[in-house]
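Q: This is the structure I have questions about; it appears just below.
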Amino acid sequence: MDLILAGIKQAFILITTLDPEVLGITLLSLKISGTATLISLFIGVSTGTVVALTRFPGRRFLVSLINTGMGLPPVVVGLFVTIFLWRNGPLGFLEILYTPTAIIIAQTIIATPIVTGISLAAMQQLPQNLRLQILALGANRIQMIWILIREAKLPLLAAVMAGFGGVISEVGASIMVGGNIKGYSRVLTTATVMESGRGNFDIAIALSIILLLLAYIINLVLTQIQQRERPR
Amino acid sequence: MNRVILELRDIQIKRGGMQIIDLPSLSIEAGEFLSLIGPNGTGKSTLLLALSCLLKPARGHLLFHGREIRNNQSVIDYRRHVAMVFQEPLLFDTTVFDNVASGLKIRGITQKERSPLVEEYLERFGISHLAQRSARKLSGGEAQRTSLARAFATRPEVIFLDEPFSSLDPPTKEGLINDLDRILKETKTTALMATHDQSEALRLSERIAVMKEGKIIQIGTPAQVMNHPADEFVASFVGVETILNGTVKENREGTIVLDIGGHAIEAVGEFRPGTGVTCCIRPEHITLARFSTDTGSSARNAVTGKIGAIRSMGLFYKIQLDCGFDLVAYITRTSLEELCLKKDDEVIALFKATAVHIIRTTG
């Protein structure tokens, strides 16, 4: 029990005094996961919108693939990204294994199906006739898609949050493709694993509190969105 | 005769291999109000979608001002000259003002030019006070008014209305029908409305088209459709009312005397003498008698007529009378036997002043 209390006390000191190492790790995490979420947002929203608005053979199969992808195990993603980026792997010439870029790639692969799946659902939840109403107001195709995305902006924001929440808390892929190199590819989750392994519970708890705080903020925003009234 | 604004030729619409609309021709005149009536699932909405170019028919031609709508550019141009209002308001998640402005914004009209138009139509639909309110916080009636204002603000030449009042409660509906009628007349907008409610159609229409299984089986003025239904289906759907045109002769404080086909008919209402009116009388409000002494009721109107036809409707009989105008009455089997009514017999039709329902004035 003393261990926990001492750890929490030390953690607060580390956070409030803006310990350079903790701060560095936090900022790197935000940068890596933020970039991965942004990339997955572009791919996911456009794919989700296209799949939601069009009918084509094999659409059902594609939707089931996307839904499966939403639960992609990070360790599996980490394994395949490692194999591809391995020195004599297909993309080995890029020499980016054990770099932040490799983590961004792995996290993008994890976040994209999540963002795509939620965007798809968000676009499909809009009233059936809304698309016709927008066209009837004289919109061309691009104007229509833009208005639809704006109408689904809140659920789309939820997609962003879910994607970000998924990758910021992910540890398996980050440690496999990033290597947890101090000051270079060490992020919140990989550092927590390492520090707790070493018995440095104060730092581990400090990092965990920051992670929990991020998770709380994300869920707060998501709840706000979910509890809003539906437009008529 | 007005000029034709919209014309359909040989339209066929298929869905899942089944033909759901088959329409050899339909012309809509500028400024008229045409209602498409018929039971649900008969293709009214589908036809409106085809007319507004939101659905491509398997074959057929759509002509606007005599020019055919073909390629993509002409479709968008056409859609910017017409408007569509659905049963659901389908508002955007923004303020009422921005909703009403959205059609104009899509057309690339600048904010400076948009604002006065938006304000004008908010005013016309009585929702100026809601301008800055979020569309999520509107009642059903307010939302549908916003949807209509959004459509009218683009100043369309033709407006398509797909069951626009169906989800509103009766008082809200009444108010909105009156306002819509006024605004359509003020703006001289041509309108096509799909509805399954014949009373809405009667209130607003110059012409009514009755649809069944994707076909228009009768089209004409409300009087033609109601008084001379083309077949049993139309008759049962429109509920057979007698529709009469007349002029107000006198106004005696709440009671008016109408001149209908040379007969003086008393009715209830407040209209100036000389006003043309269309009124209807429901067949169950008419009683028949052999002699005028048989009345024994408070009926204010007694008209003599000759029986044109007697038809069994199951529990009662439908009697068609020629009184100089057409009158339809329902009587029970017992009454029919008691009165010994036969075709070509002369009878007296009795009905109260309150049974004469004024649908609208004709100017």
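First to last, the sequence lines map onto chains A and B. Every position in the first sequence, counted from 1, becomes a number in the numbering used here once 11 is added. Every position in the second sequence, counted from 1, becomes a number in the numbering used here once 2 is added. Note that CB positions come from ideal geometry on N, CA and C, so glycine has one too. Remember, it's a predicted structure, so these values are computed and weren't measured experimentally.
Please classify Lys-16 (chain B): is it buried, with 16 or more other beta-carbons within 10 angstroms of its beta-carbon, or exposed?
A: Exposed.
Q: Would you say Leu-64 (chain B) and Leu-8 (chain B) are within 9 angstroms of each other, going by their C-beta atoms?
A: Yes, the pair counts as a contact, with Cβ atoms nearer than the cut-off.
Q: Please return the same chain residues whose Cβ sits closer than 7 angstroms to the Cβ of Asn-101 (chain B), not counting the five positions on each side in sequence.
A: Closer than 7 angstroms at Cβ, skipping near neighbours: Leu-93, Phe-94, Ala-137, Thr-148 and Arg-152.
Q: Are the CB atoms of Glu-208 (chain B) and Leu-36 (chain B) nearer to each other than 9 angstroms?
A: Yes, they are a contact pair.
Q: Going by DSSP, name the residue or residues bridged to Phe-353 (chain B).
A: In the DSSP output, where bridge partners are listed per residue, Phe-353 (chain B) has B:Asn-303.
Q: Please say whether Val-198 (chain A) and Leu-39 (chain A) have beta carbons closer to each other than 9 angstroms?
A: For Leu-39 (chain A) and Val-198 (chain A), yes; Cβs fall inside 9 angstroms.
Q: Taking the alpha carbon of Ile-312 (chain B) as the reference point, which residue from B:Lys-345, B:Thr-289 and B:Ser-337 has its own alpha carbon closest?
A: The shortest Cα separation from Ile-312 (chain B) among B:Lys-345, B:Thr-289 and B:Ser-337 belongs to B:Lys-345.
Q: Quick check on DSSP: helix, strand or coil for Asn-253 (chain B)?
A: In this structure, Asn-253 (chain B) counts as strand in the three-state DSSP scheme.
Q: Mind listing which residues of the stretch 143-154 of chain A have their C-beta closer than 7 angstroms to chain B's C-betas, in chain order?
A: Result list: Leu-143, Gln-144, Leu-146, Ala-147, Leu-148, Gly-149, Ala-150, Asn-151 and Gln-154.
Q: Can you check whether the C-beta of Ile-158 (chain A) is within less than 9 angstroms of a C-beta belonging to chain B?
A: So, interface residue.
Q: Hey, quick one: how far does the alpha helix (DSSP H) through Pro-118 (chain B) stretch, first residue to last?
A: 113-126 is the extent of the alpha helix (DSSP H) around Pro-118 (chain B).
Q: Using 9 angstroms as the limit for Cβ to Cβ distance, is Asn-140 (chain A) near chain B?
A: It does: the Cβ of Asn-140 (chain A) has a partner Cβ on chain B nearer than 9 angstroms.
Q: Would you give the residue range spanned by the alpha helix (DSSP H) that Ile-43 (chain A) belongs to?
A: Residues 31-64.
Q: For Val-88 (chain A) versus Ala-170 (chain A), is the C-beta distance shorter than 9 angstroms?
A: No. Outside cutoff.
Q: Quick one: what does DSSP say Lys-193 (chain A) is sitting in, helix, strand or coil?
A: Three-state DSSP puts Lys-193 (chain A) in coil, outside helix and strand.
Q: On the three-state DSSP scale, how would you describe Arg-284 (chain B)?
A: Coil, per DSSP.
Q: Starting from the N-terminal side, write out each stretch of the beta strand (DSSP E) that is 3 residues or longer and does not extend beyond the stretch 209-264 of chain B.
A: Runs of the beta strand (DSSP E) inside the stretch 209-264 of chain B: 209-214, 217-222, 244-254 and 257-262.
Q: Suppose contacts are defined by Cβ-Cβ distances below 9 angstroms. Is Ile-161 (chain B) in contact with Ala-193 (chain B) by that definition?
A: Contact: yes.
Q: What are the residues that DSSP puts in a beta bridge with Leu-25 (chain B)?
A: Answer by DSSP bridge pairing, in chain order: B:Ile-13.
Q: Quick test of your reading: Arg-302 (chain B) and Ala-355 (chain B), contact by CB under 8 angstroms. State the CB separation rounded to the nearest angstrom.
A: Confirmed, Cβ separation roughly 4 angstroms.
Q: With a threshold of 9 angstroms between beta carbons, is Met-195 (chain B) in contact with chain A?
A: No, Met-195 (chain B) does not count as interfacial toward chain A.
Q: Does the CB of Lys-164 (chain A) have a neighbour CB from chain B at under 9 angstroms?
A: So yes, Lys-164 (chain A) belongs to the interface.
Q: DSSP three-state label for Ser-366 (chain B), please.
A: Outside the shown range of chain B, which is 3 to 365, sits residue 366 (chain B), and nothing can be said about it.
Q: Express the C-alpha separation of His-83 (chain B) and Pro-101 (chain A) in angstroms, rounding to a whole number.
A: C-alpha separation (whole angstroms): 57 angstroms.
Q: By Cβ distance below 8 angstroms, which residues in the same chain neighbour Ile-36 (chain A) in space, the five residues on each side in sequence not counted?
A: Excluding sequence neighbours, Ile-36 (chain A) sits near Arg-197, Val-198, Leu-199, Ala-202 and Leu-218.
Q: Contact check, Gln-136 (chain A) vs Pro-166 (chain A) under 8 angstroms by CB: the rounded distance?
A: With a Cβ gap of about 7 angstroms, Gln-136 (chain A) and Pro-166 (chain A) count as contacting.
Q: For Arg-82 (chain B), return the contacting residues in chain A, with the cut-off set at a CB-CB distance below 8 angstroms.
A: Ordered by position in chain A, the residues that pass the 8 angstroms Cβ test against Arg-82 (chain B) are Gly-149.
Q: Could you check if Ala-407 (chain B) is buried or exposed, using at least 16 other CB atoms within 10 Å of its CB as the buried criterion?
A: Any question about residue 407 (chain B) goes unanswered here, given that chain B covers just 3 to 365.
Q: Determine, for Arg-116 (chain B), whether the minimum Cβ-Cβ distance to residues of chain A falls below 9 angstroms.
A: Judged by the 9 angstroms Cβ criterion, Arg-116 (chain B) is not in contact with chain A.
Q: If you measure from the beta carbon of Ile-78 (chain B) to each beta carbon in chain A, is any gap under 9 angstroms?
A: Taking Cβ atoms only, chain A reaches closer than 9 angstroms to Ile-78 (chain B), which makes this a yes.
Q: Let's test the definition: count the other Cβ atoms within 10 Å of the Cβ of Ser-294 (chain B) and tell me whether it reaches 16, buried, or not, exposed.
A: Counting Cβ neighbours within 10 Å, Ser-294 (chain B) comes out exposed, since fewer than 16 surround it.
Q: Using a Cβ distance threshold of 8 angstroms, determine whether the stretch 47-58 of chain A contacts the stretch 114-132 of chain A, with at least three qualifying pairs required.
A: Short answer: they touch.
Q: Check whether chain B comes within 9 angstroms of Arg-70 (chain A), counting only Cβ atoms and requiring the distance to be less than that.
A: No, Arg-70 (chain A) does not count as interfacial toward chain B.
Q: Determine the extent of the beta strand (DSSP E) in which Thr-28 (chain A) is found, giving its start and end residues.
A: Counting along the chain, Thr-28 (chain A) falls outside any beta strand (DSSP E), and DSSP gives it neither H nor E.
Q: Compute the Euclidean distance between the alpha carbons of Ala-17 (chain A) and Ile-24 (chain A), then round it to the nearest angstrom.
A: So the two alpha carbons sit approximately 11 angstroms from each other.
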